[in-house]
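Before any comments, here is the structure.
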Amino acid sequence: MKLMFKAAMAFVVIASFAISGCKTSEENYKAAYEIARQKKEEASGVGSDVYDKMKKEAIDTRLIVDGDSLPMNTVNVKVAAQSIDPAEVKQYNIVVNGFKQVFNAKSQMTRLKAAGYTGAFLLENADALYYVVAGSYTTAEEAAAAYNDIVKDRNVVVKAPYPWILRPARFPVR
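Heads up: the sequence shown begins at 80 in this note's numbering, then just goes up one per residue.
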């Protein structure tokens, strides 16, 4: 009887350790959150540190055209991957995405061209962030019309904070 009681007690102690070991903890939640955040950053192409730095470096303004307020940033950029002659980059450029890897940027640029945006090209900032530009325009009115067309176009999938209008800090772009 004593042997059976000791065996039952040992079973209860072992079971309690096993059950308490399976409980979730704050560390488990934090680790899972960090893994999910990293996967999201990898999928988006832009890490939070790069995006934060990009926002700090950009001069955030609004372009007002016919009463509409459009997002616009002034950024120091250059033409990337020989995607366009630098002389063809105009004052207003519609940015539809940004990537850390030029391969991903080129891929989206190719898809934009296939969707009818034949003037699509790439710009690069000082941190090697590649902006995919759907088109370049001389006047604010042309840029506003193109911006509104891109927002409405179901063939162009954009996620916040895109699209926005980029004005090169140095003009002409090199």
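Virtual Cβ for every residue (Gly too), placed ideally from N, Cα, C.
Between which two residues does the alpha helix (DSSP H) containing Ser186 stretch? In this chain, the alpha helix (DSSP H) harbouring Ser186 covers 181-193.
For Asp147, which residues from the same chain have a beta carbon less than 7 Å from its beta carbon, with the 5 sequence-adjacent residues on both sides left out? Excluding positions up to five away in sequence, the list reads Ala223.
Assign Lys119 to one of three DSSP states: helix, strand, or coil. Helix, per DSSP.
Which residue's Cα is closest to the Cα of Asp145: Arg246, Asn227, Lys238? When each option's Cα is compared against that of Asp145, the closest is Asn227.
Grouping DSSP H, G and I as helix and E and B as strand, with all else coil, what is Val236? Coil, per DSSP.
Cβ contact (3+ pairs, closer than 8 Å) linking the segment 201-211 and the segment 152-168: With a cut-off of 8 Å, the segment 152-168 and the segment 201-211 count as touching, because enough Cβ pairs lie within range.
With 16 other CB atoms within 10 Å as the buried threshold, where does Ala219 fall? With 16 or more neighbouring CB atoms inside 10 Å of its own CB, Ala219 falls in the buried class.
Taking contact to mean 3 or more Cβ pairs, one atom from each stretch, closer than 8 Å, check whether the segment 186-199 and the segment 237-253 are in contact. Look at the beta carbons and you see the segment 186-199 not touching the segment 237-253: under three pairs across the two are nearer than 8 Å.
Hey, out of Ala184, Lys118, Ser162, whose CA is closest to Pro209's CA? For clarity, residue 209 is Tyr in the given sequence; the question names Pro instead. The option with the nearest alpha carbon to Tyr209 is Ala184.
Of the residues Thr197, Glu105, Val211, which one's Cα is nearest the Cα of Gly177? Between Gly177 and the set Thr197, Glu105, Val211, the nearest pair of CA atoms involves Val211.
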